[in-house]
Amino acid sequence: MSLVTTETTTQPVTMVTIGVDTHSQLHHAAVLDQHGVLLADKEFTTDLPGYQQLLEWASSYGIINAAGVECTGSYGAGLTRYLLASGVDVVEVNRGHRLTRSRSGKNDAIDAEAAARKVISGECSSPAKNTTGTVEAIRNLYLLRDSAVKSRAAALVQLRDVLVTAPTGMRERFDAKTLEGKATQVRALRPDTSRLDEPEHAVKYALRELGRRIFNLTAEINTTEKHITRLVETVAPTTLALPQVGPVTVAQLLITAGQNIDRFPSEAAFARLCGVAPIPVSSGKTHRMRLHRGGNRRANRAIYLVTICRLRYDPRSQAYRDRKRAQGHSSADAIRSLKRFVTRELYYALKRDLSGKTLK
């Protein structure tokens, strides 16, 4: 595979900034000096030798101030880890702006240069997540659990649908009140696999296999949750001790924040990432606020669940809701305000747990 190279100068400068457009097989990097002048761009393979060549090539133009890398959590994860281990500050760069692309077009060289310019201008300044510690281990376990939960839910729906269309005499045999109970009952079926051309035996076989699948997925979920709980108890005991905050919720918040939570300049920045930052939506005589609808929706969901559970069990939250209602606010307004308070409390708890720790 031929690598495309464009050189405009070979003279070293004092400070340079790297921009990288990441892909699965090749990364395209660009080097800009402190004045924003493009010095060179080049493609590199997405393996350890490629990372080493990229760093050596960029260093030949001067001292690296920072590297703006796209997709630091996916295609750029390996490069990000290598650069951080080499002492280079890595800034997370969002995908290209549509207006910029409409004016300048799009290719790998343009995207790499744009990534570097975003770092120089300060448009992108958030440090990339550190994915070399326990929080990254929790993320992988969480992905496994999340996949099993979705598969189990799909299998339960399929079980229900098969039972609805099953022969009448067979359907009445499974009298459990819940789908989980029915899944346990159908595991005892004994279909004749030599007669699967007959609908009755095919239905029995499908029900039994769905029941076994649900059983195995449930065991996988429970085992994975035990591993997640053990790691969360070690990494974030302060956060886990908060009322109505469970290990799965803490795991999601750790994944959202990252191991290097100091990359957030304030708890307000964390709130915005979680979609809990209030923004004005006033017009004329109407004056009100709503929560930012962007950000990480999984983290937003975790915070919402904590808030709802506190409204059910926590006297402080219940008193706050009643006070807001007495002031003429709706229950939805009270929940929005509580979500902001919960986010602030969770942020400082996570900061106490993660700051100053070397997690291995």
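According to the UniProt record's numbering, the sequence shown holds residues 1 to 360 in order.
Here a beta-carbon is modelled for each residue, glycine too, at the ideal position from N, C-alpha and C.
Over what stretch of residues does the alpha helix (DSSP H) that includes R208 continue unbroken?
-> P199 to V235
Give the straight-line distance between the Cα atoms of E136 and S59, rounded to the nearest whole angstrom.
-> 29 Å
Quick one: grab the DSSP three-state call for P247.
-> Note: P247 maps to helix in three-state DSSP.
Whose C-beta lies closer than 7 Å to the C-beta of Q318 among residues of the same chain, with five residues either side of it excluded?
-> L311
What three-state label does DSSP hand F341 in the structure shown?
-> helix
Output the boundary residues of the beta strand (DSSP E) element that contains R290.
-> M289 to L291
Can you tell me the Cα-Cα spacing of L207 and R298, whole angstroms?
-> Between the alpha carbons of L207 and R298 lies a distance of about 33 Å.
What residue range is occupied by the uninterrupted beta strand (DSSP E) comprising I120?
-> No beta strand (DSSP E) holds I120; the alpha helix (DSSP H) holding it covers D108 to S121.
Please go through the same chain and pick out, in chain order, the residues whose beta-carbon is closer than 7 Å to the beta-carbon of A236, but skip the five residues on each side of it.
-> V250, L254, L350 and D353
By how many angstroms is the C-alpha of Y51 removed from the C-alpha of A85?
-> Distance between the alpha carbons of A85 and Y51: 12 Å.
State the Cα-Cα distance for the pair G19 and V31, rounded to the nearest angstrom.
-> 7 Å
Just the Cα atoms here: how many angstroms apart are E172 and S147?
-> 32 Å
Counted within 10 angstroms of its Cβ, other Cβ atoms place S327 as buried (16 or more) or exposed | Per the sequence shown, the amino acid found at residue 327 is Gln instead of Ser. Burial call: exposed.
Inter-stretch contact at 8 Å, needing at least 3 Cβ pairs: the stretch 158-170 / the stretch 288-295 = no
Decide yes or no for the touch test of the stretch 272-285 against the stretch 147-156: beta carbon pairs closer than 8 Å, at least 3 of them.
-> The stretch 147-156 and the stretch 272-285 do not touch, with fewer than three beta-carbon pairs separated by less than 8 Å.
Cβ neighbour criterion (16 or more within 10 Å) applied to L143 = exposed
Under the assumption that A334 contacts Y347 (Cβ atoms under 8 Å), give the Cβ distance between them as a whole number of angstroms.
-> Not quite, the Cβ-Cβ distance comes to about 20 Å (not below 8 Å), so this is no contact.
Under the rule that 16 or more other beta-carbon atoms within 10 Å means buried, what is E225, buried or exposed?
-> buried
For G275 and F215, the rounded distance between their alpha carbons | 36 Å
Bridge partner(s) assigned by DSSP for H27 | F44
P199 versus K324: straight-line alpha-carbon distance, rounded | 60 Å
How about V119 and Y61: do their beta carbons lie closer than 9 Å?
-> Not in contact: V119 and Y61 (Cβ atoms no closer than 9 Å).
Cα-Cα separation, T22 to A29 = Their backbone Cα atoms lie some 8 Å apart in a straight line.
Quick one: residues in its chain with C-beta nearer than 8 Å to the C-beta of residue 372, no 5 flanking neighbours on either side, listed in chain order?
-> Look at the range of the chain in this structure, 1 to 360, and you will see that residue 372 is not part of it.
Please report the residue range of the alpha helix (DSSP H) in which I138 lies.
-> T134 to T165
Who does P265 pair with in a DSSP beta bridge?
-> DSSP lists no partner for P265.
In chain order, what residues of the same chain lie with their CB nearer than 7 Å to the CB of G76, ignoring the 5 residues before and after it?
-> V20, T22, V69 and E70
P127 and V88: beta carbons closer than 9 Å?
-> no
First and last residue of the uninterrupted beta strand (DSSP E) at V93 | V90 to V93
When the Cα atoms are used, what is the spatial distance from I63 to N300?
-> 40 Å
Give every residue of the same chain whose Cβ lies closer than 7 Å to the Cβ of S2, excluding the five residues on either side of it in the sequence, and list them in chain order.
-> Low local confidence applies: a pLDDT of 49 at S2 is under 50, so the model's placement there is unreliable, with the coordinate-based value given in what follows. Correct list: empty, nothing qualifies.
In three-state DSSP terms, what is A188?
-> coil
Reference R187, options D197, L159 and L196, closest by Cα = L159
How is S60 classed by DSSP in three states: helix, strand or coil?
-> It is coil, neither helix nor strand.
Just how far apart, CA to CA, sit P265 and T45?
-> 34 Å
With DSSP collapsed to three states, give me the class of G284.
-> coil
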